[in-house]
Amino acid sequence: MATLQLKNIKKIYEGGVEAVHSFNLDIADKEFIVLVGPSGCGKSTTLRMIAGLEEISEGELYIGDKLVNEVEPKDRDIAMVFQSYALYPYMTVYENMSFALKLRHLPKDEIDQRVRWAAEVLDITKYLDRKPKALSGGQRQRVAIGRAIVREPKVFLMDEPLSNLDAKLRNQMRAEIIKLRKKVNTTFIYVTHDQTEAMTLGDRIVIMKDGWIMQIGTPQEVFDHPANIFVAGFIGMPQMNFFDGELAKNGEKYQLTVNGCPVEIGESLQQALKEKDVPSKKVIVGCRPEHIELSSADNALKATVDVSEMMGSEIHLHLNCEGKDIVIRVPSTKLSAEHRGGFEFGTDLKFAFPADLIHLFDPETENNLI
Amino acid sequence: MRTRKNKGAYYVVSLIILIILALLFLFPLYWIVTGAFKTGAEINSVTPVWWPTEWVTNNFEKLFSKRSAPLFEIGSLTGPVVPGAIRWLVNTVFMAVVAMVLTCITASMAGYALAKKRFTGRHILFTLIVCAMALPKQVILIPLIREMSTLGLYDKIWAVIFPTVGWPFGVFLMKQFSEGVPGEILEAARIDGASEARTFSSIVVPIIKPGIGALAIFTFINSWNDYFMQLIMLSSSSKLTISLGIATMQAENSTDFGIIMAGAALAALPIIIVFLIFQKYFTQGITMGAVKG
Amino acid sequence: MKQTNKPSMSRVLRRRETFSAYLFLLPSLIFFIGFVIIPMVLCLYTSFFDSKLNANTPDVFVGFANYVELWRDPVFKKALVNTLVIVVVSVPTVAAFSLWVASAIYKMKDWMLSAFRCIFYLPVVTGSVAVTVVWKWMYNNYYGIFNYVLKGVGAIDNNINWLGNPSTALWCIIIILFTTSVGQPIVLYVSALGNVDASLVEAANVDGANNLQSFWKVKWPSIMPTTLYIIVITTINSFQCFALIQLLTSGGPNNATQTVMYYIYYTAFKLYRFGYGNAMGIILAIFIAVLSAFQFWLAKEK
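Protein chains in written order, with our numbering: chain A, 586 to 955; chain B, 66 to 358; chain C, 648 to 949.
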């Protein structure tokens with residue numbers, strides 16, 4: 586059983602700088618949690634506090650049922666993969682992987698068995714006698730993971746493990762990690778700044794900014810219902826577009842206008858607004874690039890094309906909408922033959938929001954209105 | 066074209082100057098070695114003899130003529146009686162090797178702690194070390210002699226060894242080298258469950274080995290040549306080092322340059338050979354030991 | 648401050664870290680404190696006493712009397728002036744010479760570079776005693792090679808007693824000191840010049856700078872820290888010049904080569920005036936500290 590419980594965990598550095606504020610999170614057994622956020626958001630610090638490499642300034646950390654605030658890293662039953670791999674340079678791959686087991690005085694044949702199993706899983710058996718220097722980045726990464734899994738830890742910590750790899754290898758290793766997870770079946774806590782990694786790997790994602798948790802949820806939840814503007818902008822590529830809008834309560838119905846054009850609000854959103862009893866006010870309207878649709882309706886919003894990027898199956902259009910830069914993604918199948926290759930600079934277009942796929946945020950608190 | 070030609074000319078001229086300078090720098094050594102093998106007449110000739118007409122060994126024979134000291138004394142155990150100069154060499158080698166080993170062990174441990182551990186008093190200690198390095202070493206030797214007398218170490222080789230080990234340059238050098246040990250590797254070791262001692266011996270030491278090599282050779286040469294300290298701490302003739310022995314000899318008969326050159330050759334050649342063998346490490350040590358702006 | 652009754656985690660771990668750090672430091676600290684720090688403190692302490700080297704005669708507290716006497720001691724003043732002459736002459740020459748040698752050799756093929764580096768380092772390795780005795784022979788009035796060569800080329804008519812003549816003795820010392828001082832700076836400069844960012848030099852050359860300009864505008868600023876370090880160590884070395892004097896001239900003739908370091912030795916070990924010697928040591932230490940600090944300050948200003 587390896588549940589984790591982080592209760593009001595804080596990191597306060599000497600001099601009073603607070604890097605992590607009141608972090609609360611319950612992690613279920615065998616869950617894959619991803620901490621994601623821009624650099625300096627406190628995600629690595631949190632991970633290092635879980636590992637025991639940084640002191641927890643305030644709060645309580647439980648692994649299983651045990652309070653581990655003052656437990657040495659080696660006694661927390663965790664393993665960690667570092668960004669730089671942190672392989673021991675003067676040991677062979679085999680020695681690297683068996684080091685921790687040797688220190689635990691496991692019988693020799695069991696060590697051998699575990700190392701060979703891990704090497705098999707990671708497909709590095711033929712490198713066991715090499716030194717890390719003689720390996721490529723991807724191979725080193727596998728060794729680093731191998732070193733962690735031979736321990737059979739309760740909790741598996743990974744600190745930006747893929748960020749030193751090139752893009753192609755990163756995609757490949759990402760898939761490997763998903764496969765690995767099925768094989769080792771333990772609790773994972775994974776830190777990254779890359780939202781794609783977060784979305785593809787995590788059972789739940791913790792999005793952080795400036796030491797605060799912005800949102801915790803499944804990839805689906807954070808994507809469909811971002812808690813605030815930051816999350817909305819952070820998750821999804823290209824970024825969500827934001828517009829200034831005007832929300833007016835008109836009897837039973839809410840009406841929304843953007844740049845003077847009326848925007849339809851879907852039924853479920855109407856319902857939610859009503860339940861929360863949101864008053865008439867200025868709002869920020871968010872809509873993802875892939876949800877915005879080109880339109881020919883009279884009351885649609887107007888924009889001109891700045892850049893048109895042909896991506897193959899779709900086109901990314903960078904538009905100028907009354908001084909605001911927005912991006913929309915249009916599948917080329919939805920375009921007439923004449924426009925399948927893109928649009929000329931300066932072309933005038935009109936676009937509309939789908940009623941159910943808009944997000945409304947409070948301009949002051951930046952939180953989702955719903 | 067023109068600039069290239071000028072550059073070539075400049076290169077040739079500076080190479081010639083360099084070669085002349087190199088010969089001048091080599092000359093004293095050449096003079097020691099050839100002088101050691103010249104006859105008395107050639108040494109005291111008003112017209113210098115550039116190359117010995119006949120290589121004679123009687124300067125060395127004179128140097129080794131008096132068997133005056135046992136080869137070694139360990140407690141009550143004494144070796145066969147040998148010429149004083151041989152005993153001096155034994156003393157010097159012993160001193161330099163022990164100082165080297167002790168310095169390497171203590172300095173690499175301390176340097177690692179200073180570079181990689183965050184502990185109370187770290188800044189004060191480091192400042193103290195840098196300040197101590199900048200102060201003239203000789204100044205402390207005078208009070209040191211009393212301390213050594215109190216400890217009963219005066220006129221013992223340990224009186225020379227201990228202050229050499231205490232000199233903080235080694236700690237500073239090893240701190241520079243230990244800075245290069247990646248923090249994540251140490252953290253990985255901590256998570257793997259390695260004790261402090263194990264982390265140091267199996268992970269840190271292999272990484273800083275070149276630094277230890279540099280420090281070893283540096284300490285060996287410096288301790289071999291630290292004349293002032295030897296002069297102050299050692300007095301009885303069987304305790305002398307080779308440098309000190311030669312200096313004493315030349316104070317006693319300052320005109321017999323033959324025997325003095327033989328002694329000088331005996332003092333200088335072993336250490337020069339050591340230097341030439343480990344030159345690479347040595348150069349690295351000097352470079353790393355420099356305080357960067 | 649709010650106090651909680653359970654110890655904060657950070658304290659516990661921090662204490663553990665501090666404890667293990669000091670275990671690593673312990674062996675080194677024993678030697679460092681025992682044979683460097685304690686003597687330094689003793690040096691300061693004893694400088695206020697009339698203290699004999701012999702431990703049987705008790706020390707008598709004299710306050711600043713030793714320092715006052717120093718102020719009036721003409722030999723000390725002479726020694727200080729000589730030491731400063733040595734420093735003022737040797738530091739710039741050593742720095743300039745080694746910079747020139749280093750910039751001439753640092754681009755050479757590896758074996759040539761290490762050959763030259765080795766040769767210029769040899770006098771340091773040879774050891775001060777061996778170096779000094781051979782120079783003593785070379786400077787010798789009758790059999791010395793200097794008189795022979797200089798007479799041969801017609802620079803002098805009669806043999807000169809180089810070390811016995813007050814007007815030449817100090818220069819003889821400075822020359823030997825020079826040959827034993829350039830080795831380390833050359834090594835440092837070679838590595839510093841090798842580390843100068845090549846793209847900066849190329850950029851300067853593309854901008855049309857000639858070699859001299861690119862040296863002053865690009866290389867010189869980047870090797871400034873090295874220069875500073877070299878100046879400091881050469882200063883300290885020059886201040887500590889001892890073996891040469893003790894073996895060649897014993898401070899003579901007529902104190903012409905008396906230096907602070909030798910005078911300290913002489914006072915403590917020939918006159919057995921321990922406290923007085925230590926007072927000199929303190930003054931020397933202060934001198935070096937102030938000078939080093941000044942050099943660092945100068946470099947920082949730049």
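By construction, the Cβ of each residue, glycine as well, lies at the ideal position given by its N, Cα and C atoms.
Mind pulling the chain B residues with CB within less than 7 Å of tyrosine 673/A? Here residue 673/A refers to the residue found at position 88 of the first sequence. Ile250, Ile268, listed in chain order.
At 7 Å on the CB atoms, spell out the chain B contacts of valine 669/A, in chain order. By 1-based counting over the first sequence, the position of residue 669/A is 84. Here residue 669/A is serine; the residue named in the question, valine, does not match the sequence. Neighbours of serine 669/A across chain B, judged by C-beta separation under 7 Å: Pro247, Glu249.
Using a beta-carbon distance cut-off of less than 7 Å, what residues from the region 309-320 of chain B approach chain C? The region 309-320 of chain B vs chain C, Cβ under 7 Å: Ile311, Ala312, Gln315.
At 9 Å on the CB atoms, spell out the chain A contacts of arginine 187/B, in chain order. As a working mapping, residue 187/B is identified with position 122 in the second sequence. By Cβ distance, chain A contributes nothing, its closest Cβ being about 13 Å from arginine 187/B, past 9 Å.
Expressed to the nearest angstrom, what Euclidean distance is found between the alpha-carbon atoms of isoleucine 338/B and glutamate 782/A? Position 273 of the second sequence holds residue 338/B. Position 197 of the first sequence holds residue 782/A. Our two residues, isoleucine 338/B and glutamate 782/A, have alpha carbons roughly 59 Å apart in a direct line.
The alpha helix (DSSP H) with glycine 227/B in it runs from where to where? As a first step, residue 227/B must be located in the second sequence, where it is residue number 162. It is worth fixing the name first, because residue 227/B is phenylalanine in this sequence and not glycine. 223-231 is the extent of the alpha helix (DSSP H) around phenylalanine 227/B.
Simplified DSSP state of phenylalanine 936/A, which is helix, strand or coil: Residue 936/A sits at position 351 when you count from the first residue of the first sequence. Phenylalanine 936/A falls in the strand class under three-state DSSP.
Could you tell me whether the region 667-682 of chain C touches the region 902-911 of chain C, where touching means 3 or more Cβ pairs closer than 8 Å? These segments do not touch.
Looking at the C-beta of arginine 69/B, does it have a partner C-beta in chain A at a distance below 8 Å? Residue 69/B sits at position 4 when you count from the first residue of the second sequence. Note that arginine 69/B has pLDDT 48, beneath the 50 cutoff, so the model's placement of it is unreliable and the number below is only indicative. Taking Cβ atoms only, chain A never reaches closer than 8 Å to arginine 69/B, which makes this a no.
So phenylalanine 684/A contacts chain B; which residues on that side make the cut at Cβ distance below 7 Å? Locating residue 684/A in the first sequence gives position 99, counting from the first residue. Under the 7 Å cutoff, chain B gives Asp257.
Could you work out which residues of chain B lie near alanine 604/A, taking near to mean beta carbons separated by less than 7 Å? Here residue 604/A refers to the residue found at position 19 of the first sequence. Under the 7 Å cutoff, chain B gives no residues; its nearest Cβ is about 16 Å from alanine 604/A.
Which residue or residues does DSSP assign as beta-bridge partners of leucine 610/A? Here residue 610/A is taken as the residue at index 25 of the first sequence, counted from 1. Its beta-bridge partners are Leu591/A.
Own chain, CB closer than 7 Å to serine 893/A, minus 5 neighbours either side, in chain order: If you number the first sequence from 1, residue 893/A lands on position 308. These residues qualify, in order along the chain: Ile900, Leu902, Gly927, Phe928.
I'd like to know if lysine 659/A contacts chain B, where contact means its C-beta is closer than 8 Å to some C-beta of that chain. For the purposes of this step, residue 659/A is taken as residue 74 along the first sequence, with counting starting at 1. Cβ-Cβ to chain B under 8 Å: yes for lysine 659/A.
Does the separation of the CB atoms of valine 612/A and valine 605/A fall below 8 Å? If you number the first sequence from 1, residue 612/A lands on position 27. If you number the first sequence from 1, residue 605/A lands on position 20. It is worth fixing the name first, because residue 612/A is isoleucine in this sequence and not valine. Here isoleucine 612/A is not near valine 605/A, since their CB atoms are 8 Å or more apart.
Does any CB atom of chain B fall closer than 8 Å to the CB of glutamate 849/C? Numbered from 1 along the third sequence, position 202 holds the residue referred to as residue 849/C. Cβ-Cβ to chain B under 8 Å: no for glutamate 849/C.
Within the same chain, show all residues whose beta-carbon is closer than 8 Å to that of lysine 919/A, passing over the 5 residues directly before and after it, in chain order. Taking the first residue of the first sequence as 1, we reach residue 919/A at position 334. For lysine 919/A, where only same-chain residues beyond five positions count, the Cβ hits under 8 Å are Leu879.
Chain C within 8 Å of methionine 174/B, Cβ atoms only: Translated into the one-based positions of the second sequence, residue 174/B becomes position 109. True, the Cβ-Cβ gap to chain C drops below 8 Å.
Which residue from Gly897/A, Glu761/A, Gln668/A puts its Cα closest to that of leucine 786/A? Start at 1 with the first residue of the first sequence, and residue 786/A comes out as number 201. Selected option, being the one with the closest Cα: Glu761/A.
Residues of the region 221-234 of chain B in Cβ contact with chain C at a cutoff of 9 Å, in chain order, please. For the region 221-234 of chain B, the set of positions with a beta-carbon nearer than 9 Å to some beta-carbon of chain C reads Phe227, Pro228, Thr229, Val230, Gly231, Trp232, Pro233 in chain order.
Glycine 851/A and threonine 842/A closer than 8 Å at C-beta: Here residue 851/A refers to the residue found at position 266 when the first sequence is read from its first residue. Here residue 842/A refers to the residue found at position 257 when the first sequence is read from its first residue. In this structure, threonine 842/A does not lie closer than 8 Å to glycine 851/A by Cβ.
Could you tell me whether the Cβ atoms of alanine 749/C and valine 837/C are closer together than 8 Å? Here residue 749/C corresponds to residue number 102 of the third sequence, with the count starting at 1. Here residue 837/C corresponds to residue number 190 of the third sequence, with the count starting at 1. Valine 837/C sits close to alanine 749/C, with the two beta carbons spaced by under 8 Å.
Closest Cα partner of asparagine 826/A within the set Trp702/A, Asp714/A, Arg873/A, Ile792/A: Here residue 826/A refers to the residue found at position 241 when the first sequence is read from its first residue. Arg873/A is the residue among Trp702/A, Asp714/A, Arg873/A, Ile792/A whose C-alpha sits nearest the C-alpha of asparagine 826/A.
Taking C-alpha atoms, which residue in Gly924/C, Arg661/C, Ala726/C, Thr906/C lies nearest to phenylalanine 184/B? Residue numbering aside, residue 184/B sits at position 119 when the second sequence is read from its first letter. Minimum Cα distance to phenylalanine 184/B is reached at Arg661/C.
Taking only beta-carbon positions, decide if threonine 665/C is within less than 8 Å of chain B. Your numbering for residue 665/C matches position 18 in the third sequence. Closer than 8 Å: yes.
Methionine 687/C and isoleucine 194/B look like a contact to me (Cβ under 8 Å); what is the Cβ gap, rounded to whole Å? As a working mapping, residue 687/C is identified with position 40 in the third sequence. As a working mapping, residue 194/B is identified with position 129 in the second sequence. About 12 Å separates the two Cβ atoms, so there is no contact after all.
Where threonine 693/C and tyrosine 786/C are concerned, what is the direct C-alpha to C-alpha distance, given to the nearest angstrom? Residue mapping note: residue 693/C aligns to position 46 of the third sequence, counting from 1. Residue mapping note: residue 786/C aligns to position 139 of the third sequence, counting from 1. Approximately 39 Å, taken between the alpha carbons.
Output the residue ranges of the alpha helix (DSSP H) runs that lie fully inside the region 770-832 of chain C and measure 4 residues or longer, sorted by chain position. Counting whole runs of 4 or more residues, the region 770-832 of chain C contains the alpha helix (DSSP H) stretches 775-785, 792-799, 813-826.
Which of the residues in the region 268-292 of chain B, read from start to end, lie with their CB under 8 Å from any CB of chain C? If the cut-off is 8 Å between Cβ atoms, the region 268-292 of chain B has Ile286, Trp289, Asn290, Tyr292 near chain C.
DSSP three-state assignment for glycine 1035/A, whether helix, strand or coil: With chain A covering 586 to 955 only, the question about residue 1035/A has no answer from this structure.
Beta-carbon contacts of tyrosine 219/B that lie in its chain and below 6 Å, excluding the five residues immediately before and after: Here residue 219/B refers to the residue found at position 154 when the second sequence is read from its first residue. Met213, listed in sequence order.
Arginine 689/A: contacting residues in chain B (beta-carbon distance under 8 Å): Mapped onto the first sequence, residue 689/A falls at position 104. In chain order: Gly258.
Considering only heavy atoms of the ligand GDP, does any lie closer than 7 Å to the CB of threonine 826/C? As for the ligand GDP, it is missing from this structure, which has no ligand bound.
Could you say if the region 847-865 of chain C and the region 906-926 of chain C meet the contact criterion of at least three C-beta pairs nearer than 8 Å? Counting Cβ pairs under 8 Å, fewer than three are found: no touch.
What residues in its chain sit with their C-beta under 8 Å from that of tryptophan 717/C, if we drop five residues either side in the sequence? Along the third sequence, read from residue 1 onward, the residue named residue 717/C stands at position 70. The identity of residue 717/C in the sequence shown is leucine, whereas the question assumes tryptophan. Once the five neighbours on either side are set aside, the close Cβ partners of leucine 717/C are Phe723, Tyr923, Ala926, Met927, Ile930.
Looking at the secondary structure, which residues open and close the beta strand (DSSP E) in which proline 739/C lies? Residue 739/C sits at position 92 when you count from the first residue of the third sequence. Unbroken run through proline 739/C is the alpha helix (DSSP H), 721-752; no beta strand (DSSP E).
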